[in-house]
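Trainee: Respectively, the protein sequence lines represent chains R and X.
Here the first sequence is numbered in my numbering, starting from 344 and rising by one per residue.
Here the second sequence is numbered in my numbering, starting from 380 and rising by one per residue.
From the three backbone atoms N, C-alpha and C, an ideal C-beta is built for every residue, glycine too.
These numbers were taken from a predicted model, which means no experiment stands behind them.
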Amino acid sequence: AQKITQTQPGMFVQEKEAVTLDCTYDTSDQSYGLFWYKQPSSGEMIFLIYQGSYDEQNATEGRYSLNFQKARKSANLVISASQLGDSAMYFCAMRLPYSGGGADGLTFGKGTHLIIQP
Amino acid sequence: DAGVTQSPTHLIKTRGQQVTLRCSPKSGHDTVSWYQQALGQGPQFIFQYYEEEERQRGNFPDRFSGHQFPNYSSELNVNALLLGDSALYLCASRSGGMLWYEQYFGPGTRLTVT
């Protein structure tokens, strides 16, 4: 069965520093996709970044990058130059085993609560 | 352009009752997924709808059912409510184009079962 593990329940980081949020995954599929979402206190999940298992380069989206190490089954999120507005819960997710027809339900980790301090 | 909308925002029900939650996807999106998020946990996938059919289902009992309408909006129904059904219910939508992986979530419906 697929599993996402996030080992950092909470993190405190100084504003403007870079942040790395850890994520390891377990799957027997050869083709899979990894996602990171941000959930502010308002509750709405915000898509940040996606990495496909066959993508040769690490995904980047603005200040977000995904450090994808396939052999180690890790997909860490890196946030450069952190801002106060980055304070939120962050979830790593993986697409459930593909069942055809474009289905792409996600399985999520337990999340990391990131707090940016001024 | 409105994003994903959900109604109601909050709901309080009694054990054994039935509840219906509603979701309108982002304009142009045809695929709708539902998730349950218990307090302090990550979301858990309930099911996904496409072309008015349930395309994929997570590990949830048959008490959880859904529907998708021709305008792509969706409903989540939960029968015989249990205390453990108390959670934030999130709806997500996406299109089938180049950015298929980018799911947009609604603000959620907070369900409390007493």
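Just verifying my parser: in three-state terms, what is the DSSP assignment at Asp409 of chain X?
Mentor: It is coil, neither helix nor strand.
Trainee: I want to see whether chain R comes within less than 8 angstroms of Arg442 of chain X, judged by CB atoms only; does it?
Mentor: Not closer than 8 angstroms to any Cβ of chain R, the Cβ of Arg442 of chain X fails to qualify, so no.
Trainee: Given Ser472 of chain X, which residues of its chain have a CB within under 6 angstroms of its CB, disregarding the five upstream and five downstream residues?
Mentor: Excluding residues within five positions, the ones whose Cβ falls inside 6 angstroms are Val383, Pro404, Lys405, His408, Val411 and Tyr483.
Trainee: Rounded to a whole number of angstroms, what is the C-alpha to C-alpha distance between Lys416 of chain R and Phe378 of chain R?
Mentor: Taking the straight line joining both Cα atoms gives about 14 angstroms.
Trainee: Hey, would you say the C-beta of Cys402 of chain X is under 7 angstroms away from at least one heavy atom of the ligand ZN?
Mentor: The ligand ZN is not part of this structure, which contains no ligands at all.
Trainee: Taking DSSP's pairing of strands, which residues face Ser403 of chain X in a bridge?
Mentor: X:Thr384, per the DSSP bridge assignment.
Trainee: Could you list which residues in chain R have their beta carbon closer than 9 angstroms to that of Phe424 of chain X, in chain order?
Mentor: Residues of chain R passing the Cβ test: Leu439, Gly448, Leu449, Thr450 and Phe451.
Trainee: In whole angstroms, give me the CA-to-CA distance for Tyr433 of chain R and Ser453 of chain X.
Mentor: So the alpha carbons of these two residues sit roughly 27 angstroms apart.
Trainee: Show which residues of chain R have a CB atom less than 9 angstroms away from the CB atom of Arg401 of chain X.
Mentor: Within 9 angstroms Cβ-Cβ: nothing; Arg401 of chain X doesn't reach chain R, min ~16 angstroms.
Trainee: Tell me the DSSP secondary structure of Gly463 of chain X in three-state form.
Mentor: Helix at Gly463 of chain X.
Trainee: Would Met477 of chain X be called buried (16 or more neighbouring beta carbons within 10 Å of its own) or exposed?
Mentor: Result: exposed.
Trainee: To the nearest angstrom, report how far apart Gly395 of chain X and Ser386 of chain X are at their CA atoms.
Mentor: Whole-angstrom Cα-Cα distance: 21 angstroms.
Trainee: So, does the CB of Gln415 of chain X fall closer than 8 angstroms to a CB anywhere in chain R?
Mentor: Gln415 of chain X does not count as touching chain R.
Trainee: Please work out which residues of its chain come closer than 8 angstroms, Cβ to Cβ, to Thr403 of chain R, disregarding the five sequence neighbours upstream and downstream, and give them in chain order.
Mentor: Ile392 and Leu409, listed in sequence order.
Trainee: Could you check whether the Cβ of Phe484 of chain X sits closer than 8 angstroms to any Cβ belonging to chain R?
Mentor: Answer yes: the Cβ-Cβ gap between Phe484 of chain X and chain R drops below 8 angstroms somewhere.
Trainee: Please check the pair Lys346 of chain R and Tyr375 of chain R, which I expect to be a contact at CB under 8 angstroms, by giving their CB distance rounded to whole angstroms.
Mentor: With 8 angstroms as the limit, Lys346 of chain R and Tyr375 of chain R do not qualify as a contact, their Cβ atoms being about 12 angstroms apart.
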